[in-house]
Every structure is written in structure tokens, then in C-alpha cells.
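Visitor: Below is the structure I would like to discuss, written out as C-alpha cells.
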Amino acid sequence: MRNLTLFAFCALLAFACKDKAEKAQNESEAEPMASAETEMKAEEWTVLFDGTSFDGWKEYQKDGVSENWKIEDGAMVFYPPENRKKGEIFDLVTENEYTDFVLSLDWKISEGGNSGVFWGVNEEAGLGKPYHSGPEVQVLDNERHPDAKNGTTHQAGALYDMVAPSEEVVNPAGEWNTMVITINHKEHKGSVELNGKKIVDFPLANEAWNALVAKSKFADWEHFGKFTTGKLGLQDHGNQVAYRNIKIKEL
5 MRNLTLFAFC ALLAFACKDK AEKAQNESEA EPMASAETEM KAEEWTVLFD
55 GTSFDGWKEY QKDGVSENWK IEDGAMVFYP PENRKKGEIF DLVTENEYTD
105 FVLSLDWKIS EGGNSGVFWG VNEEAGLGKP YHSGPEVQVL DNERHPDAKN
155 GTTHQAGALY DMVAPSEEVV NPAGEWNTMV ITINHKEHKG SVELNGKKIV
205 DFPLANEAWN ALVAKSKFAD WEHFGKFTTG KLGLQDHGNQ VAYRNIKIKE
255 L
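See below:
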């Protein structure tokens with residue numbers, strides 16, 4: 005009887021060890037799979053600004069980037085020139101063009117500052133500024149800049165002069181904001197998220213879009229919003245502004 009009990013104990017111990025080994029093996033096999041899935045998700049994004057250089061960027065209708073744009077603490081920072089020539093601008097645009105995408109970036113505006121993010125920008129001769137072709141998502145100090153008093157469609161996160169934010173979630177001037185812009189012409193939809201909340205939805209490339217434009221200041225602008233494929237832009241509106249963590253996922 006003693007031998008039988010000893011045998012049963014040994015069998016139970018062996019079974020437990022085998023089960024533990026199989027569990028450890030399954031976990032070790034699952035880890036690479038989870039890691040691979042994480043890597044695949046990360047690979048969907050393309051970094052447009054890595055915090056160290058202006059590779060992939062230039063000033064609108066120019067070659068290269070002027071000294072008015074500087075890289076500080078992993079961000080691109082615009083310092084407006086003191087002696088600006090009449091009509092001179094320093095808006096940044098991407099060298100590449102995009103059609104359908106999710107664009108994610110952080111921005112920080114100075115006190116009383118104004119800037120914006122464009123898409124669908126075209127550099128044809130005669131189009132003097134990015135906003136002559138590209139629609140804009142507003143970057144603004146809502147508390148101090150006078151444009152905030154010109155209606156909610158001019159406030160931070162708005163599709164400028166077309167669709168107002170559903171709520172005000174912008175951080176104060178001098179603090180970082182995270183903005184995600186989705187442009188999907190295939191589904192005729194666009195949206196803006198600010199600091200984790202979707203605050204703007206708008207139609208694209210259809211009659212509803214045309215109706216929005218017709219009610220805006222851009223109604224008689226020949227080239228505004230006409231390019232489904234174009235460059236991304238960051239606006240020089242005469243105020244200090246910073247951008248960082250710029251990445252894009254094409255749809």
C-alpha cells in the first residue's frame with residue numbers, strides 16, 4: 005500500500021510538471037506573436053518629423069527651410085522674423101503628397117498666437133499661400149487671439165470658417181495639444197480629434213462638401229479644396245508656434 009501511494013504521488017508530480025512546462029511553452033510562443041502584432045501596428049505609421057531634422061519638409065514654393073524654423077527639444081519651432089518683407093511667408097509643407105490618411109501631431113501655440121494645419125496643398129504658380137488651395141484645421145490661442153471672437157468656426161480645432169468644434173477641449177497657450185486629422189475621400193468623410201476627443205466631423209469630395217465651401221469665405225476661391233491629393237502644411241501666421249510627434253498613416 006505504501007508503494008502504491010508513493011507511485012500515485014510521483015505520477016501526480018510528473019503530471020503537474022508537464023502541465024507547467026506546456027503552459028510556459030504556450031506563453032513563450034504567444035509573446036513573439038503579440039510582439040509581432042505590436043510591431044505591425046507601429047509600422048502602419050510613417051514618421052514625418054523625428055525631432056532631429058527637417059528631412060521631408062520645405063518652405064512653400066521654396067527649396068529648403070529658413071532659419072526662422074528651429075529644432076528645439078524634439079519640436080520644430082517657428083520664430084516670426086522681425087523684419088519681414090511684404091508678402092513673404094514661411095509656411096512649411098511636406099515634400100510628399102497624400103490623399104487618404106490619418107495625421108497625428110502635437111502643437112503648442114504662443115500667447116495670442118495663430119497657426120494652422122493644411123492638407124491638399126498645391127504649389128502651382130499663382131497660388132501664393134498654402135490656404136489658397138488647402139483647407140485648414142485651426143491652431144489658436146482661444147483666450148487671447150481676436151480671431152476666436154469671430155465665431156466658433158475660427159477657434160482651435162475647427163475646420164476653418166466651415167465647421168466649429170462640438171466642444172472646447174483645447175489646452176491653454178504654452179501647453180501641448182494632441183491633434184488627429186482623418187481625411188478619407190473614399191468614404192467622403194473627414195474628422196478632427198483634439199486631446200483625445202472627436203470634435204469635428206465633415207463631408208469630403210461630394211455635394212455636402214461643396215455646400216460647406218459655398219457658405220464660407222472660400223466660396224469664390226477657384227482652387228480652394230479642389231486637390232484631393234496634395235501636400236500637408238504648417239502655417240506661418242506671424243506668431244511663434246511649435247509642432248512635434250508628426251506621423252501619418254495612409255488609408
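In this text, residue positions in the sequence shown follow this note's numbering: the first is 5, and each later residue adds one.
Built from N, CA and C at the ideal position, the CB exists for glycine as well.
Note that the structure is a prediction, hence the values are computed from the model and not measured.
1) Does DSSP put L255 in a helix, in a strand, or in coil?
2) Since E127 is in the alpha helix (DSSP H), which residue starts that stretch and which ends it?
3) Around the Cβ of A67, are there at least 16 other Cβ atoms within 10 angstroms (buried) or fewer (exposed)?
4) Give me, in chain order, the residues of the same chain whose beta-carbon lies closer than 6 Å to that of E254; leave out the 5 immediate sequence neighbours on both sides.
5) Would you decide whether E226 is buried or exposed? Buried here means 16 or more other CB atoms lie within 10 Å of its CB.
6) Going by other Cβ atoms of all chains shown within 10 Å of its Cβ, with 16 needed for buried, is N146 buried or exposed?
7) What residues in its chain sit with their C-beta under 7 Å from that of V173, if we drop five residues either side in the sequence?
8) Specify, as a first and last residue, the run of the alpha helix (DSSP H) that W49 falls within.
9) Thinking C-alpha only, which one of E191, F94 and F53 is nearest E86?
10) When we look at the beta-carbon of R88 and count the other beta-carbons within 10 Å, is it buried (16 or more) or exposed?
11) Looking at the secondary structure, which residues open and close the alpha helix (DSSP H) in which N210 lies?
12) Could you spell out where the beta strand (DSSP E) holding A79 opens and where it closes?
13) For K112, count the other beta carbons within 10 Å of its own beta carbon; 16 or more makes it buried, fewer makes it exposed. Which is it?
14) Suppose you measure from the CA of G194 to the CA of N72; what does that come to, to the nearest Å?
15) Enumerate in chain order the residues of its own chain whose CB-to-CB distance from A79 is below 6 Å, with the five nearest sequence positions on each side excluded.
16) Give a yes or no on whether the C-beta atoms belonging to G234 and W61 are separated by under 8 Å.
17) Looking at the secondary structure, which residues open and close the beta strand (DSSP E) in which S108 lies?
18) Checking the sheet assignment: what are the DSSP bridge partners for E140?
19) Are three or more beta carbon pairs between the stretch 202-218 and the stretch 154-172 nearer than 8 Å?
20) With a threshold of 8 Å on Cβ separation, who are the neighbours of T50 within its own chain once the five nearest residues in sequence on each side are excluded?
21) Please classify N154: does DSSP put it in a helix, a strand, or coil?
Guide: In terms of the structure at hand:
1) Taking the first residue of the sequence shown as position 1, residue 255 is located at position 251. In the displayed model, L255 falls within coil according to three-state DSSP, outside both helix and strand.
2) Mapped onto the sequence shown, residue 127 falls at position 123. No alpha helix (DSSP H) contains E127, which DSSP labels as neither H nor E.
3) On the sequence shown, position 63 is the one that residue 67 refers to. Here residue 67 is Asp; the residue named in the question, Ala, does not match the sequence. By the neighbour-count rule (16 or more Cβ atoms within 10 Å), D67 is not buried but exposed.
4) Looking up residue 254 in the sequence shown gives position 250. Sequence-distant partners of E254 (beyond 5 residues in either direction) whose C-beta falls short of 6 Å from its own C-beta, in its chain, are F105.
5) Stepping through the sequence shown from its first residue, residue 226 is reached at position 222. Here E226 is exposed, its C-beta having fewer than 16 other C-beta atoms within 10 Å.
6) Here residue 146 is taken as the residue at index 142 of the sequence shown, counted from 1. N146 should be labelled buried.
7) Taking the sequence shown and counting its residues from 1, the one referred to as residue 173 is at position 169. Excluding its 5 nearest sequence neighbours in each direction, V173 has C-beta neighbours in its own chain below 7 Å: L198, N199, K201 and I203, listed in chain order.
8) Here residue 49 corresponds to residue number 45 of the sequence shown, with the count starting at 1. Element bounds for W49: n/a, residue is neither H nor E.
9) Start at 1 with the first residue of the sequence shown, and residue 86 comes out as number 82. Looking at the Cα atoms, F94 is the closest of the given residues.
10) Within the sequence shown, residue 88 is the residue found at index 84, counting from 1. So R88 counts as exposed.
11) Within the sequence shown, numbered from 1, the residue matching residue 210 stands at position 206. No alpha helix (DSSP H) holds N210; DSSP gives it neither H nor E.
12) One-based indexing of the sequence shown puts residue 79 at position 75. A79 to F82 is the extent of the beta strand (DSSP E) around A79.
13) Within the sequence shown, numbered from 1, the residue matching residue 112 stands at position 108. Counting C-beta atoms within 10 angstroms of its own C-beta, K112 has 16 or more neighbours from the protein chains shown and is therefore classed as buried.
14) Your numbering for residue 194 matches position 190 in the sequence shown. Your numbering for residue 72 matches position 68 in the sequence shown. Roughly 32 Å between the two C-alpha positions.
15) Within the sequence shown, residue 79 is the residue found at index 75, counting from 1. Here the set comprises A246 and R248.
16) By one-based count along the sequence shown, residue 234 stands at place 230. By one-based count along the sequence shown, residue 61 stands at place 57. Not in contact: G234 and W61 (Cβ atoms no closer than 8 Å).
17) Walking along the sequence shown from the start, residue 108 turns up at place 104. In this chain, the beta strand (DSSP E) harbouring S108 covers F105 to I113.
18) Residue numbering aside, residue 140 sits at position 136 when the sequence shown is read from its first letter. DSSP links E140 through a beta bridge to F122.
19) Yes, the stretch 202-218 is in contact with the stretch 154-172.
20) On the sequence shown, residue 50 is found 46 positions in, with the first residue counted as 1. So the list reads K251, I252, K253 and E254, once near-sequence residues are dropped.
21) One-based indexing of the sequence shown puts residue 154 at position 150. Look at N154 here: in three-state DSSP terms it is helix.
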